[in-house]
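Asks:
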Amino acid sequence: MTEFHDELVQLTVADGRERSALAPLEAHVATCAQCQADLPRALLAARRLADSASAPSAAMPEFARLELRLTDDVRLLYFAPQVASLFDLSLGDAKALLGKALDPTAWEEGPSPNVKVLPVQAGPGASDNITALVKVEPGQEFPHHEHLGPEHVLVLQGGYRCSTGEEKWRGEVQQMSSDRAHSFVALGNLACICAARNAFS
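Just so we're aligned, residue 4 is where the sequence shown starts under this note's numbering, counting upward by one.
1) If Arg164 and Val188 are in contact, beta carbons under 8 Å, what's the gap, nearest whole angstrom?
2) Starting from the C-beta of Lys119, find all residues in its chain whose C-beta is less than 6 Å away, skip the five residues before and the five after it, and write them out in chain order.
3) Helix, strand or coil for Thr108 per DSSP?
4) If we ignore side chains and look at the alpha-carbon of each, how far apart do Val32 and Thr167 end up?
5) Mark Thr134 as exposed unless 16 or more other C-beta atoms lie within 10 angstroms of its C-beta, in which case mark it buried.
6) Roughly how many whole angstroms lie between the Cα atoms of Glu140 and Leu79?
7) Quick test of the definition: if touching needs 3 or more C-beta pairs under 8 Å, does the region 174-183 touch the region 115-129?
8) To the nearest angstrom, how far is it from the Cα of Ser57 to the Cα of Tyr81?
9) Taking only three categories from DSSP, how would you classify Phe145?
10) Pull up the DSSP beta-bridge partners for Ala97, would you.
11) So Asn201 packs on Asn117, CB below 8 Å; how close in whole Å?
12) Compute the Euclidean distance between the alpha carbons of Glu175 and Ala36, then round it to the nearest angstrom.
13) Going straight from the alpha carbon of Ser88 to that of Lys98, what length do you get?
14) Using CA atoms only, rank isn't needed, just tell me which of Lys171, Phe203, Val156, His150 is closest to Gly191.
15) Check whether the Cβ atoms of Leu121 and Gln160 lie closer than 9 Å to each other.
16) Whose C-alpha, out of Phe145, Val123, His185, is nearest the C-alpha of Pro153?
17) Specify, as a first and last residue, the run of the alpha helix (DSSP H) that Gln85 falls within.
18) Which same chain residues, not among the five before or five after Leu136, have their C-beta less than 6 Å away from its C-beta?
19) Taking only heavy atoms of the ligand ZN into account, decide whether any of them is closer than 8 Å to the Cβ of Leu25.
20) With a floor of 3 residues, list each beta strand (DSSP E) that falls wholly inside the region 117-177, ordered by position along the chain.
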C-alpha cells in the first residue's frame with residue numbers, strides 16, 4: 004500500500020490553517036494522479052483520526068503513519084475548536100495556545116523526568132479549574148496522582164495507556180471522576196500531548 008503524499012495529508016487535516024497556505028496543497032492534489040486516487044482513503048483516515056472511533060493503528064494500517072507525517076502545526080491546530088471549548092477560550096486564543104505549544108522553550112518541567120507542562124490561562128467558564136497542556140515523551144510515565152475534582156483530558160497528539168487499563172489516542176477524550184487516581188504511559192513514536200482540565204472540587 005503506497006503512502007499518501009505530504010500535500011494530501013496536510014490538505015485533508017487543514018482545518019486550522021490559513022486559506023493562503025492551502026493553495027499550493029490544492030494545486031498539487033488537483034494535478035497529481037496518485038493523490039486523486041488516494042483522496043477518498045485520506046479523507047476517511049483523517050475523519051477517523053478526528054473521531055477516534057478506534058486507536059489510530061487498529062482500523063487502517065496507515066493511521067499511525069498519517070499522524071507521524073503531519074507537520075507539527077497541522078497536527079495540533081486541527082483541535083483548536085475543541086481546545087477552545089475545553090478551556091473556554093476564543094478560537095483565536097486557542098490557536099495561539101497551540102502555536103505556543105510548538106515552542107520547546109514554552110514548556111515547564113513537570114512532575115517527573117520527560118514530562119512537561121504548559122499552564123493555560125483559561126476563560127471564565129474554566130477559571131475554577133486547573134488547566135494545562137501536558138507533554139509526555141514516548142514510553143515515559145506521568146506519575147500516579149489523585150483528582151481534586153472531575154478531570155477532562157483531550158489527546159492532541161500520540162496516545163497513552165492509563166493505569167486503569169484504558170487506552171486513549173489522538174482526538175479521544177477521557178473523563179474521570181474526583182474519586183479516582185491514576186498514572187499513564189505515553190504510547191507510540193510521538194510525544195503524547197494532552198489538554199487537561201481538572202476541577203478543584
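Beta carbons: idealized from backbone N, C-alpha and C, even for Gly. Please read these numbers as outputs of a predicted model, since none were measured by experiment.
Replies: Here's the rundown:
1) 5 Å
2) Trp110, Gly113, Lys138
3) helix
4) 43 Å
5) buried
6) 16 Å
7) no
8) Low confidence applies to Ser57: its pLDDT is 45, below 50, so where it sits in the model is not reliable, and the reading given next is rough at best. Roughly 18 Å separates the two Cα atoms.
9) strand
10) Paired residues: none, contrary to the question.
11) The pair is not a contact, with the Cβ atoms about 21 Å apart (cut-off 8 Å).
12) 33 Å
13) 12 Å
14) Lys171
15) no
16) His185
17) 83-90
18) Ala104, Leu121, Ala198
19) For the ligand ZN, the structure offers nothing, since it holds no ligand at all.
20) 118-122, 132-139, 144-149, 154-160, 162-165, 170-172
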